[in-house]
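One structure below.
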Amino acid sequence: MHKKSVLCLMILVLSIGFLFSCGEDETPVKVSLEKREEISIRPQAAALTYAYLPQYSHTESFQRHNRLVEYLSQETGLSIRQVFPDTFDDHINKFGQGKIDISFSNPFVYAKLAGRFGGEAFTRIIEEDGRAEFRGKIIARRDNQEIQTLEDCKGTSWVAVDPSSAGGYLFVLGHFVEHEITLDDFAEVVFAGGRQENVILGVYSGLHDIGAIREGSLSVVEDKIDTRQIKVIDHSRWYPGWVYAHSPRLTDETVAKIKEAMLKLDYDDPEHRDILEAARFKGFVPSSDEDFDPIRDLSKKVGLELD
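Its first residue numbered 12, the sequence shown is counted upward by one per residue in our numbering.
In structure tokens, the structure reads:
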């Protein structure tokens, strides 16, 4: 068929289809394409990124900190969103790459962020027990009668959270070293992928003899196991608590807004209490880099490189 004939046939078919698409009482509407308006899409303002060191699952991290992140955004007028590093190393690397603006981490990780990338502490949390410090615990199964003291931990299988975990490894390692027990004294030392829950479950199931966890972690698994079957062998001493640090690329004004909003949270205020209880702490205190000098001293004692 000739191209011109094909074109005419197509126009005829389209015209018939258009006519039949109108009802008996409907009048065809003429559409003009002469007037056009450009629609512009406004780019979304870049949000500050907030990350909780992944000592628990991403779901647990979100549930604990979502309300706090929303509060900070509303109180400061800044756009803030929570991001979820997969591991302790991932958290550290993302901070160094500029992908984390506000870091909530243990003091060992903070010392690395400060030494390597210029991170700067601005607040610490008040733990549920009312202290701005925390410690590590050594746990075992209650029915394991062979492990009653620190000395009994020699020759055992020890599961810890992560090589950079404070309460879940390094505080406890420092405690062992202070009592002249070294890594060579254990049958094995394994890590639980950065998860406190995994340490507790590993001990509870009998996969490992002892575990290192931070103060308060047993409550996370109360709905999964009978935590009465876990006993505490010993504690480390107290160290400065979990810390908020900011990226060096944030302005002083931005940091001041976030800090002021954090310090404003009052546990006696019912709305504020909901936010704080979800996050599992009672409030904030101002903080600065020198607060963490005891961590640097402990790092030297256990042979941990921070820089």
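Just so it is clear, CB atoms sit at the ideal spot from N, CA and C, and this is done for glycine as well. As the structure is a prediction and not an experimental result, all values here were calculated from the model.
Between residue i and residue j, which are expected to be in contact by the criterion C-beta below 8 Å, what is the C-beta distance as a whole number of angstroms?
| i | j | result |
| --- | --- | --- |
| Val172 | Arg146 | Not quite, the Cβ-Cβ distance comes to about 14 Å (not below 8 Å), so this is no contact. |
| Asp285 | Arg127 | Not really, about 36 Å apart at Cβ, beyond 8 Å. |
| Leu276 | His283 | 5 Å |
| Thr238 | Leu89 | About 39 Å; that fails the 8 Å criterion. |
| Ser72 | Val120 | Not confirmed; about 14 Å, so no contact. |
| Ala122 | Leu317 | 5 Å |
| Pro118 | Tyr250 | 6 Å |
In terms of DSSP beta bridges, what is residue i paired with?
| i | result |
| --- | --- |
| Phe202 | Ala171 |
| Gly222 | Ile150, Val170 |
| Pro297 | Thr134 |
| Ile113 | Tyr61, His257 |
| Phe292 | Glu138 |
| His283 | In DSSP, His283 forms no bridge with anything. |
| Asp245 | Ile149 |
Might you give, ordered along the chain, the residues of its own chain that have their beta carbon closer than 7 Å to the beta carbon of residue i, omitting 5 neighbours on each side?
| i | result |
| --- | --- |
| Leu194 | Val200 |
| Lys312 | Gly185, Val188 |
| Leu83 | Ile91, Ile269, Ala272 |
| His190 | Leu161 |
| Gly109 | Ser258, Arg260 |
| Thr98 | Pro65, Gly205 |
By Cβ distance below 6 Å, which residues in the same chain neighbour residue i in space, the five residues on each side in sequence not counted?
| i | result |
| --- | --- |
| Asn209 | Ala203 |
| Ser228 | Gln207 |
| Arg135 | Ala143, Gly252, Val254, Val296, Ser298 |
| Leu309 | Gly185 |
| Val94 | Thr60, Ala62 |
| Glu86 | Ala272 |
| Val170 | Val201, Ala203, Val210, Gly213, His219, Gly222 |
Spatial neighbours of residue i within its chain, please: CB distance less than 8 Å, with the 5 preceding and 5 following residues excluded, ordered by chain position.
| i | result |
| --- | --- |
| Asp304 | none |
| Arg92 | Ala58, Leu59, Thr60, Tyr61, Val80 |
| Asp3 | Given that the chain is displayed from residue 12 to residue 318, the structure contains no residue 3 and the question cannot be resolved. |
| Arg75 | Tyr63, Tyr67, Ala289, Ala290, Arg291 |
| Gly101 | Here residue 101 turns out to be Asp, not Gly, going by the sequence shown. The answer, listed in chain order, is Pro65. |
| Tyr180 | Gly147, Ala171, Val172, Asp173, Pro174, Phe202, Ala223 |
| Ala125 | Glu131, Ala132, Ala256, Asp300, Phe303 |
Is the shortest distance between the beta-carbon of residue i and the beta-carbons of chain D less than 8 Å?
| i | result |
| --- | --- |
| Ala267 | Considering every chain present, this structure includes no chain D. It has just one protein chain. |
*asked:* Check whether the segment 215-225 and the segment 134-150 are in contact - that is, three or more C-beta pairs closer than 8 Å.
replied: Taking 8 Å as the limit for Cβ pairs, the verdict is that the segment 134-150 does touch the segment 215-225.
_the segment 290-309 in contact with the segment 240-257 per 3-pair CB rule at 8 Å_ = In this structure the segment 290-309 touches the segment 240-257; the number of beta carbon pairs closer than 8 Å is three or more.
*Cβ contact (3+ pairs, closer than 8 Å) linking the segment 61-68 and the segment 112-131*: Touching, yes.
*Could I get the ranges of all uninterrupted alpha helix (DSSP H) runs contained in the segment 251-277, with 4 residues as the minimum, in chain order?*
Listed in chain order, the complete alpha helix (DSSP H) runs (minimum 4 residues) inside the segment 251-277 are 263-275.
*Would the segment 258-267 and the segment 241-250 be scored as touching if the rule is three or more Cβ pairs under 8 Å?*
Using a C-beta cut-off of 8 Å, the segment 258-267 makes no contact with the segment 241-250, since fewer than three inter-stretch Cβ pairs fall below that distance.
*Which residue spans inside the segment 128-178 form an unbroken beta strand (DSSP E) run of at least 3?*
Taking only runs of at least 3 residues, the beta strand (DSSP E) segments lying wholly in the segment 128-178 are 131-138, 147-152, 168-171.
*asked:* Please give me, in chain order, every unbroken run of the alpha helix (DSSP H) with length at least 4 that falls completely inside the segment 52-107.
replied: If only complete runs of 4 or more residues are kept, the segment 52-107 shows the alpha helix (DSSP H) at 69-87, 99-107, in order along the chain.
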